[in-house]
Every structure is written in structure tokens, then in C-alpha cells.
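According to our numbering, the sequence shown is numbered sequentially starting from 2.
The beta-carbon is built from N, C-alpha and C at its ideal position, and this holds for glycine as well.
As the structure is a computational prediction, the values presented were derived from the model and not from experiment.
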Amino acid sequence: MPALFQAFRHGSLPQDGRIIGVARDELSDDAYRELIQSRFAAVEGAKRPTPEEFKKFASLLHYLRMDLSRPDDYAKLATLIQGRDAGTVVMYLATAPALFTQVVEQIAAAGLNGPKTRVVLEKPLGHDLASNRAINKAVCRVLAEHQVFRIDHYLGKPSVQNLFAMRFGNALFEPIWRREHIASIEITIAEDLGVEKRGAFYDQTGALRDMVQNHALQLVCALGMEPPINAHADAIRDEKLKVLRALKPWTPESIGLHAIRGQYSAGTAYGERVPGYRDEPGVNPESRTETFVALRTEIANWRWAGVPLYIRTGKRLASRDARIEVNFKPTPHAIFRAPTGAFNKLVINLQPKDGLELHMLAQAQNDRQRNGNRHVGPQLAPVQLDLDFDKRFGSERVGAYERLLLDVIDGRLNLFVRSDEQEEAWRWVEPLIDAWSSDGAPRPYAAGTWGPSASSAMIARDGFAWSEEQ
Ligand code: BG6
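Shown next as C-alpha cells:
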């Protein structure tokens, strides 16, 4: 709703559009508007509507009480929608995954699956490959693939779109974007929050399903894919799919060595003591659900073979920081002295900062350091080119959900996930799910730290280090 409001504020919503809330409670349109208005109180200051703005926005809002298991209720929805020339209808399903199949079948039975209907599916879309496939199959029986918008809000983030722009809108990086020049790639999506009020949901899910299967793997695709032949949805999704297919399959040995899971115990966040995961509301006190994952993998193809790709995500880590670090290989022959470990590096900051940093080495201004009385030669010092996209584009930026919802209204699928991509991502994580379900507990880490030490040890074995340790 905040995203729809921003779109309304920016004048991007269709003039004669309606937003119909559907749920089980008995509410009038006015009561629904009041409910939404009260919820806006929790929205960050500048994004909150003024009373005048809300009044205008509220005239778009309507409500229908529905029990999603009752065919009659879908008939009521059909009457409400078809009551006037409906134009495009977007159905946004943020329901429990167990309901997707039933809902899409009922939508079809009520004749609501015509060519002007678009259905948005909010994750989680299943909890493993089989359940994901079952949902996709049910959806594809009643809707064409181009009517289905599987949302991954990371793809709507301006920083992630910039990643595509950086790679495919510039000639600079492409020639060196390969194994000959890149030593390793590290992806970190760190959150400082715990599971908040979502303990019951999260305990059935865990970091692998919640963040890696979707958001992190979408970043891997954007980094690793070949240039698509054009900017159309299927051209892009075809290339992303190839990356997922090329990810090195897991073996019992690689799971043991290259897949670390952790669970936060009591610690500190924002200077205050915070409880451990098992003491969070809704969480099983003996839970073995992971709140941290660190993986080492590889895109096994001609471009990337042998380049280690590290993925790390977790809750209650030391800070909120999402970034990608692309480490380049050292010069083939050193004629200067450089600080140890200082190589060229491209850092793609995703959040909270959004920008690019190119780390290079320059001539140190005061290099007359002496070794005894001998001048030991030119000394290099690290410098960086820093592009701050927030500063450059600040007020023009459109939030992830706003961007994605407008794309659905316009029928643009570029930033949505196709069923085969999603299934491939599940296929890749499934051996980890299986291994961890029959294995002991995750490694504990104190809230407010960077996860279990095994994660640092894993990357250190290859001679690399996570950004905060460099
Ligand atoms: C969601 C996960 O998909 O992404 C949450 O379910 C997580 O657990 C969130 O907190 C992170 O999104 P962002 O945009 O804050 O990085």
C-alpha cells in the first residue's frame, strides 16, 4: 500500500484505477480506508501521506470480504470487477503458499483469468522444488506465462537495476568481466534486524529459503549472465536461467566444506541486549532453523570456471549492509611496492548506500620511506573512485515495490522471475535443505557479530576475506 501510494503521489497510477482490498474481515469501504490510514502512521515520515493526500488516495480504495475457499465469493469479485469496463486487472496474491493453487483455480472458474488479467505471486512460492513446481503447474493451467508476475523485490531495487546498467550499458567492464581477470566475487546481504514478529513463519523457512533461493541467486544471475540479445523479458530470463543451470551442483563433500549455517544467540543490537533466535516469539525453543548462511560456489562455464563465488546472508549481523565485491587479479609482475592484499576491486553497494566504488592503487605522495638508509622504491597507496547514486539521482528514485507494481500494470516482465528460473533455483538449493534437515544444529553466533567464525575460515582457506575483515 505504501508503494501504491507513492505511485499515486507521483501521478503514475492509471487515472480511473481502483484498488480493491480482499480479506476475511467484514469491513465497509470506509472502515477499510480508515484501517489503511491508521497503518500509514507506521510509514517513514516523508513517505506518509498528508491528510489531504490521503483523502484523494482513499477514493481509489475499496474492500470486498472474501473467503478464498468459497466459489460464491469469487463470483462477487467478478461482479465487482466487471461492473464497469475493467481494463487491466492485477490480482496481487500475498497469501500463504498453500492457497495459491486453490485461488488461481477459483479465479479461472469465475472467468477472471481473461487476457487482461495479470497475477502477481508473492514469495514464498513453495518450500522446495516439488511444492514450487506444483504451484507453477496449477498457475500455468489457467494463465499464460506472460500473465504471471513472480515478484522478487530485490530486482526492483534501483541498485540492482544499476547492476544491469553497469554491465550492459557500458563497454568498460565487459572485456574484463571474466575468469582471466577476476579472482573472486563476494555477495553479502547482511541485516541487523532479527526475525521481528515473523518468528512462526521464519522458523518454517530459514535464511536459505528466505534469502538465498531468491534474492541472492537473482544477484548471482545479474552478475554472471551473458549479455542478453536485447532488453526483452525472455532474452534476459533465458540468460539468467543459464547461470542457474551452470551453478556447481552440491555434493556431500562440498556441503561439508562450503556451506555454513548459523543461528543467532543473545547479543547486542543498536547498543542494547537482544534475545537469541530461540527466545524470539513464535520460534521453537529447540529450533534448528538457520538465520545465517555462507556458501562458496562457482558458475561452471567458460566465463567463470574456477572463480570462487561467495554468498553470505544473515539476520542480527553487525550492520545492515548489502554489497557485492568483485576482486580483480593482481598485476602479472610487480614493479611497485603495494600494501599487502590491496588489489583492484569493484564494490557494488546495494544498501543502505547505493553506488559503485572502484578501488585502485595510486602513487603514494610520500613514498620516501627508508629501509635503513636505502630508498626502497616507489610505494603505492589505495585510492577509490566513488559513485554515489543516491546523491546523483536522489529525488528521482522510485522504490522497489512501486517500480515493480507499475511494471505489472504496464505488463513489463523484465524484472520478474520465470517459472523455469525459479525451479532451477530450488533445484540448486535442495541438496542443502535435505542435508541440513537431517543434520545437527546450526553453529551459534552472537547477535551483532558477523556470523559463525567458520564462515571466515571458509573464505580464508582460499586466501580471501569478507569485506569487514580486509
Ligand atoms: C524478504 C525476507 O524477502 O526480504 C525478509 O522475507 C528480509 O526476511 C527482507 O528481511 C530483506 O529485504 P530488504 O529489502 O530489507 O533487504
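Rounded separation between residue i and residue j - CA only
{"i": "Ala31", "j": "Asp239", "result": "With the sequence shown as reference, residue 31 is identified as Asp, and Ala is not the correct amino acid for it. Roughly 46 angstroms between the two C-alpha positions."}
{"i": "Lys430", "j": "Trp305", "result": "Checking the sequence shown, residue 430 turns out to be Val, not Lys. Each residue's Cα considered, the two are about 20 angstroms apart."}
{"i": "Ala4", "j": "His11", "result": "11 angstroms"}
{"i": "His154", "j": "Gln364", "result": "42 angstroms"}
{"i": "Glu397", "j": "Pro50", "result": "18 angstroms"}
{"i": "Met226", "j": "Gln162", "result": "14 angstroms"}
{"i": "Ile186", "j": "Ala426", "result": "19 angstroms"}
{"i": "Leu100", "j": "Ser70", "result": "9 angstroms"}
{"i": "His147", "j": "Ala401", "result": "21 angstroms"}
{"i": "Ile20", "j": "Leu62", "result": "5 angstroms"}
{"i": "Glu197", "j": "Gly283", "result": "10 angstroms"}
{"i": "Gly195", "j": "Tyr278", "result": "8 angstroms"}
{"i": "Glu53", "j": "Gly18", "result": "19 angstroms"}
{"i": "Arg168", "j": "Asn415", "result": "16 angstroms"}
{"i": "Lys57", "j": "Arg142", "result": "39 angstroms"}
{"i": "Glu299", "j": "Val105", "result": "37 angstroms"}
{"i": "Ala116", "j": "Leu144", "result": "Before going on, a small fix: residue 116 reads as Pro here, not Ala. Their backbone Cα atoms lie some 8 angstroms apart in a straight line."}
{"i": "Ile230", "j": "Leu242", "result": "14 angstroms"}
{"i": "Gln38", "j": "Leu406", "result": "20 angstroms"}
{"i": "Ser454", "j": "Glu358", "result": "27 angstroms"}
{"i": "Asp280", "j": "Asp204", "result": "12 angstroms"}
{"i": "Asn285", "j": "Leu318", "result": "21 angstroms"}
{"i": "Met92", "j": "Ser457", "result": "44 angstroms"}
{"i": "Glu35", "j": "Val23", "result": "15 angstroms"}
Helix, strand or coil at residue i according to DSSP, with G and I counted as helix
{"i": "Ala445", "result": "Residue identity differs from the one stated: residue 445 is Pro in this sequence, not Ala. It is a strand residue."}
{"i": "Ala145", "result": "coil"}
{"i": "Ile336", "result": "coil"}
{"i": "Ser320", "result": "coil"}
{"i": "Glu358", "result": "strand"}
{"i": "Gln364", "result": "strand"}
{"i": "Thr298", "result": "strand"}
{"i": "Gln328", "result": "At residue 328 the sequence reads Asn, which differs from the Gln that was named. It is a strand residue."}
{"i": "Asn215", "result": "helix"}
Proximal residues to residue i (C-beta, below 7 angstroms), its chain only, five neighbours per side dropped
{"i": "Gln471", "result": "Gly342"}
{"i": "Ala95", "result": "Glu123"}
{"i": "Lys48", "result": "Pro3, Gln7"}
{"i": "Asp322", "result": "Thr189, Ala191"}
Proximal residues to residue i (C-beta, below 8 angstroms), its chain only, five neighbours per side dropped
{"i": "Glu27", "result": "Arg66"}
{"i": "Met361", "result": "Asn345, Pro383, Val384, Gln385, Leu386"}
{"i": "Gly412", "result": "Thr89, Arg119, His147"}
{"i": "Gly164", "result": "Note that residue 164 is Leu in the sequence shown here, rather than Gly. Only Leu220, Ala223, Leu224, Ile325, Ile349 meet the Cβ criterion."}
{"i": "Ser29", "result": "Tyr64"}
Cβ distance (whole Å) where residue i is taken to contact residue j below 8 angstroms
{"i": "Gly263", "j": "Glu291", "result": "6 angstroms"}
{"i": "Ile188", "j": "Tyr311", "result": "7 angstroms"}
{"i": "Glu422", "j": "Asn137", "result": "With a Cβ gap of about 11 angstroms, Glu422 and Asn137 do not count as contacting."}
{"i": "Leu209", "j": "Ile325", "result": "With 8 angstroms as the limit, Leu209 and Ile325 do not qualify as a contact, their Cβ atoms being about 19 angstroms apart."}
{"i": "Val409", "j": "Arg151", "result": "At roughly 11 angstroms, the Cβ-Cβ gap does not stay under 8 angstroms, so Val409 and Arg151 are not in contact."}
{"i": "Gly268", "j": "Ala447", "result": "4 angstroms"}
{"i": "Arg289", "j": "Pro445", "result": "About 11 angstroms; that fails the 8 angstroms criterion."}
{"i": "Ser160", "j": "Asp389", "result": "With 8 angstroms as the limit, Ser160 and Asp389 do not qualify as a contact, their Cβ atoms being about 12 angstroms apart."}
{"i": "Leu81", "j": "Leu113", "result": "With 8 angstroms as the limit, Leu81 and Leu113 do not qualify as a contact, their Cβ atoms being about 11 angstroms apart."}
Spatial neighbours of residue i in its chain, beta-carbon cut-off 6 angstroms, leaving aside the 5 residues before and after
{"i": "Ala135", "result": "none"}
{"i": "Ala76", "result": "Ala111"}
{"i": "Pro432", "result": "Trp251"}
{"i": "Gly200", "result": "Glu281, Pro282, Gly283, Val284"}
- Completely contained beta strand (DSSP E) runs for the stretch 15 to 53, where each covers 3 or more residues: Counting whole runs of 3 or more residues, the stretch 15 to 53 contains the beta strand (DSSP E) stretches 20 to 24.
- In chain order, each alpha helix (DSSP H) run of at least 4 residues that lies wholly inside the stretch 378 to 419: Listed in chain order, the complete alpha helix (DSSP H) runs (minimum 4 residues) inside the stretch 378 to 419 are 390 to 394, 401 to 411.
- Task: Identify every run of the alpha helix (DSSP H) within the stretch 228 to 288, keeping only runs that are complete inside it and at least 4 residues long; order them along the chain.
- Result: Fully enclosed alpha helix (DSSP H) runs of 4 or longer: 234 to 247, 253 to 259.
- Message: Which complete beta strand (DSSP E) runs does the stretch 125 to 188 hold, if anything under 3 residues is left out?
- Response: Here the runs fully enclosed are 149 to 151.
- Scan the stretch 80 to 121 and note each continuous alpha helix (DSSP H) run of 4 residues or more that stays entirely inside, going in chain order. Whole alpha helix (DSSP H) segments, 4+ residues: 101 to 110.
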